[in-house]
Ligand SMILES: N[C@@H](CCC(=O)N[C@@H](CS)C(=O)NCC(=O)O)C(=O)O
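In this note's numbering, the protein residues as written are 98 to 320.
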């Protein structure tokens with residue numbers, strides 16, 4: 098039975114799962130779901146949401162009413178990082194962390210860090226620039242988020258001075274989360290000082306065949 102993925106293309110957390118599935122060459126059925134976005138963009142602009150997340154069937158699978166969720170042959174899982182980890186462990190531990198517990202945990206550390214430190218400010222910038230109606234914009238909030246995000250990306254820049262990829266000398270599932278954030282960081286054009294290691298890393302990520310599934314800039318900087 099094919100894997101089912103509930104999510105929306107503009108959701109970075111859904112994109113993590115899309116990228117993981119592409120790395121693993123796994124086919125899946127994509128079911129559009131969201132309370133905040135629809136075919137015409139953000140509901141903040143008056144569009145209809147994809148829905149699904151508030152149906153009893155979905156809530157039974159995912160009581161948080163968020164995306165993404167997967168179902169793999171009857172096994173239901175939500176929480177994007179847990180999904181990426183599951184897919185790697187189940188389908189190709191060698192690809193996702195060289196079957197090495199040290200690399201695995203180094204990667205998990207960066208996945209958790211991304212969730213804790215990058216998502217907040219990046220979400221604020223995307224919301225302010227592309228989704229919030231003009232009357233509700235808060236330039237100070239956006240500026241603060243830009244400064245914050247640059248500080249966080251310096252942590253990545255410093256790491257990449259030491260290792261080729263985020264969690265070590267080889268690509269790992271940790272690079273999935275960071276790929277999406279890195280792509281958005283460059284697309285948003287908000288970098289306040291040169292980050293040569295990040296630029297080098299970004300080129301390496303873009304060269305991976307899987308990158309095609311998240312390449313389109315309208316998946317990242319649109320409302
Ligand atoms: N920690 C959860 C957070 C899930 C989450 O907040 N997802 C966002 C999309 S990135 C969402 O559901 N937004 C509301 C919506 O689209 O209905 C995860 O990583 O999966």
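A virtual CB, placed ideally from N, CA and C, is assigned to each residue, including glycine. Only a predicted model underlies this, so the values are computations on that prediction, with no experimental measurement involved.
{"Query": "Are the stretch 249-262 and the stretch 177-193 in contact at 8 Å, needing three or more beta carbon pairs?", "Result": "no"}
{"Query": "Can you name the residues that DSSP bridges to residue 126?", "Result": "101"}
{"Query": "Ignore the nearest five residues each way along the sequence and tell me which others in residue 273's own chain have a CB closer than 6 Å to its CB.", "Result": "113, 116, 117 and 181"}
{"Query": "Check each candidate in 109, 168 and 103 and name the one with the smallest Cα separation from residue 277.", "Result": "109"}
{"Query": "Do you know how far the Cα of residue 314 is from the Cα of residue 162?", "Result": "26 Å"}
{"Query": "Report the option in 212, 299, 297 and 310 whose CA atom is closest to the CA atom of residue 127.", "Result": "310"}
{"Query": "Give me, in chain order, the residues of the same chain whose beta-carbon lies closer than 7 Å to that of residue 146; leave out the 5 immediate sequence neighbours on both sides.", "Result": "131, 132, 133, 134, 135 and 140"}
{"Query": "Leaving out five residues before and five after residue 151 in sequence, what residues of the same chain have Cβ atoms less than 8 Å from its Cβ?", "Result": "132 and 162"}
{"Query": "What three-state label does DSSP hand residue 174 in the structure shown?", "Result": "strand"}
{"Query": "Take every Cβ of the stretch 205-220, pair it with every Cβ of the stretch 256-270, and state whether three or more of those distances are shorter than 8 Å.", "Result": "yes"}
{"Query": "According to DSSP, is residue 307 part of a helix, a strand, or is it coil?", "Result": "helix"}
{"Query": "Where does residue 163 fall in DSSP's three states?", "Result": "coil"}
{"Query": "Keeping to the same chain, check which residues put their C-beta closer than 8 Å to that of residue 142; ignore five residues upstream and five downstream.", "Result": "228, 230 and 320"}
{"Query": "So the alpha helix (DSSP H) residue 234 belongs to, where does it begin and stop?", "Result": "From DSSP, residue 234 is part of no alpha helix (DSSP H); its letter is neither H nor E."}
{"Query": "Measure the Cβ-Cβ separation of residue 104 and residue 164 and say whether it is below 8 Å.", "Result": "yes"}
{"Query": "When you measure from the CB of residue 133 to every non-hydrogen atom of ligand 1, does any distance come out below 7 Å?", "Result": "yes"}
{"Query": "Who are the Cβ neighbours of residue 219 in its own chain at under 7 Å, not counting the five residues just before and after it?", "Result": "246, 278 and 281"}
{"Query": "Between the stretch 251-262 and the stretch 288-299, are three or more C-beta pairs nearer than 8 Å?", "Result": "yes"}
{"Query": "Any chance you could list the beta strand (DSSP E) runs of at least 3 consecutive residues sitting entirely within the stretch 186-233, in chain order?", "Result": "none"}
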